[in-house]
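*Asks:* In the numbering used here, the protein residues as written are 1 to 259.
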Ligand SMILES: [Zn+2]
Ligand SMILES: [Zn+2]
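1. Count the other CB atoms within 10 Å of the CB of residue 39; is the residue buried (16 or more) or exposed (fewer)?
2. Whole-angstrom Cβ separation of residue 84 and residue 95, contact assumed at under 8 angstroms?
3. Tell me which residue opens and which closes the beta strand (DSSP E) that residue 228 is part of.
4. How long is the line joining the alpha carbons of residue 149 and residue 142, rounded to whole angstroms?
5. Mind checking which residues open and close the beta strand (DSSP E) that includes residue 83?
6. If distances are taken between C-alpha atoms only, which option among 86, 28, 30 comes closest to residue 207?
7. Please report how far the alpha carbon of residue 126 lies from the alpha carbon of residue 114, in whole angstroms.
8. Can you give me the C-alpha to C-alpha distance between residue 140 and residue 59, rounded to a whole angstrom?
9. Starting from residue 107, follow the alpha helix (DSSP H) in both directions and report where the run begins and ends.
10. Using the three-state DSSP reduction, which class does residue 181 fall into: helix, strand or coil?
11. Per the DSSP calculation, residue 46 is bridged to which residue(s)?
12. How long is the line joining the alpha carbons of residue 124 and residue 198, rounded to whole angstroms?
13. Just to confirm before moving on: does the CB-CB distance between residue 163 and residue 129 stay below 8 angstroms?
14. Rounded to a whole number of angstroms, what is the C-alpha to C-alpha distance between residue 147 and residue 230?
15. What does a CB cutoff of less than 8 angstroms around residue 18 pick up in its chain, not counting 5 residues either side in sequence?
16. Under the rule that 16 or more other beta-carbon atoms within 10 Å means buried, what is residue 210, buried or exposed?
17. How far does the beta strand (DSSP E) with residue 272 in it reach, from first residue to last?
18. Could you pull the start and end residues of the alpha helix (DSSP H) that residue 154 belongs to?
19. From the DSSP output, which residues share a beta bridge with residue 127?
20. If you run the structure through DSSP and keep just helix, strand and coil, what is residue 189?
21. Give me the Cβ distance between residue 217 and residue 195, rounded to the nearest whole Å; I'm assuming they're in contact under 8 angstroms.
22. On a Cα-Cα basis, can you pick out the residue from 50, 90, 66, 89 that is closest to residue 75?
23. Please classify residue 20 as buried or exposed, where buried requires at least 16 neighbouring CB atoms within 10 angstroms.
24. Considering only their Cβ atoms, is the gap separating residue 183 from residue 212 smaller than 8 angstroms?
25. Roughly how far, in whole angstroms, is the beta-carbon of residue 186 from the beta-carbon of residue 215, given that I think they are within contact range, below 8 angstroms?
26. Looking only at its own chain, which residues have a Cβ that is under 8 angstroms from the Cβ of residue 166, when we skip the five neighbours before and after it?
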C-alpha cells in the first residue's frame with residue numbers, strides 16, 4: 001500500500017475522477033478541472049432556521065420553517081454549507097473519506113472557509129467526533145482535518161470538546177427516523193467546564209437530515225455551550241417530503257421532539 005502510494009508520487013497517474021492523464025505528480029491525483037470549486041450553495045427557498053433548500057416554498061410554513069424544524073430538530077442554532085452534495089463535490093468527498101485521500105482536506109477546507117459566516121462570532125471550532133474505532137480504521141477523522149484547515153484560515157481555535165461515546169451504524173442507509181434514533185445519546189462532553197457559555201461552530205463534511213449534528217449539538221448544549229452553529233462542506237438534498245413524513249410519524253409515536 002505504502003509502495004503504491006510512493007510510486008503514484010513518482011509517476012503521474014490519471015485523474016481519479018475523470019480519468020484525464022495527469023502531467024505532473026501530486027499527492028492528490030486530480031486534474032485542475034476536478035479541483036475547481038463547485039458552485040456555492042444557493043437556493044431560492046430555504047428553511048429560515050436550518051437552511052435546508054427546497055425547490056418551492058410549499059414544505060415551509062408561514063414562518064418559513066421546514067417540517068424538521070417544526071418537529072423540534074432544534075438543538076443547533078443555524079447551519080451553513082458550502083455547496084450541494086452532488087457531482088464532483090460528492091466524488092471529492094468520497095475520495096477524501098473512503099479513498100483516504102487525506103491531502104484533499106486542504107482543498108475542501110478552503111471551500112469550507114468560503115462558506116464561513118464572517119459576521120458571526122465563535123469562540124471555538126468543534127469537529128464532529130468519530131468513534132475511536134472508526135477513526136482508527138479510517139486513519140483520520142475527516143471533520144477534524146477540515147476543522148484544522150478552517151481554523152488556520154479564520155483564526156478561531158479548534159476544540160475537540162465532544163466525544164462519540166457509542167458506536168453507531170452508518171447513517172447513509174437509514175431512513176431519517178432511523179438516523180435520529182441511531183445517533184441519540186451517541187455523544188458526550190468529557191470536560192464541560194471548557195465549553196461553558198461558549199459560542200461553538202460544529203464542523204462536519206456533509207449534512208443530510210441533520211440528525212447527527214443535532215445529537216452532538218444537544219450534548220454540547222447540555223454541557224453548557226451557549227450557542228452551537230453548524231458548518232459543513234456539503235449539504236445533501238432531501239429528496240421527497242415522504243421521507244420527512246416518516247420522521248414526523250416516528251416523532252409522534254416516540255413523543256420526543258428534541259432529538
Ligand atoms: Zn479530472
Ligand atoms: Zn429547517
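The C-beta atom is built at its ideal place from N, Cα and C for all residues, glycine as well.
*Replies:* On the basis of the supplied data:
1. exposed
2. About 17 angstroms; that fails the 8 angstroms criterion.
3. 227 to 235
4. 11 angstroms
5. 78 to 84
6. 86
7. 18 angstroms
8. 38 angstroms
9. 104 to 115
10. helix
11. 53
12. 8 angstroms
13. yes
14. 12 angstroms
15. 31, 33, 34
16. buried
17. Here the chain comprises residues numbered 1 to 259, so residue 272 is not present and cannot be evaluated.
18. 142 to 154
19. 203
20. coil
21. In fact, because the Cβ distance is near 12 angstroms, the residues do not count as touching under 8 angstroms.
22. 50
23. exposed
24. yes
25. 6 angstroms
26. 131, 185, 186
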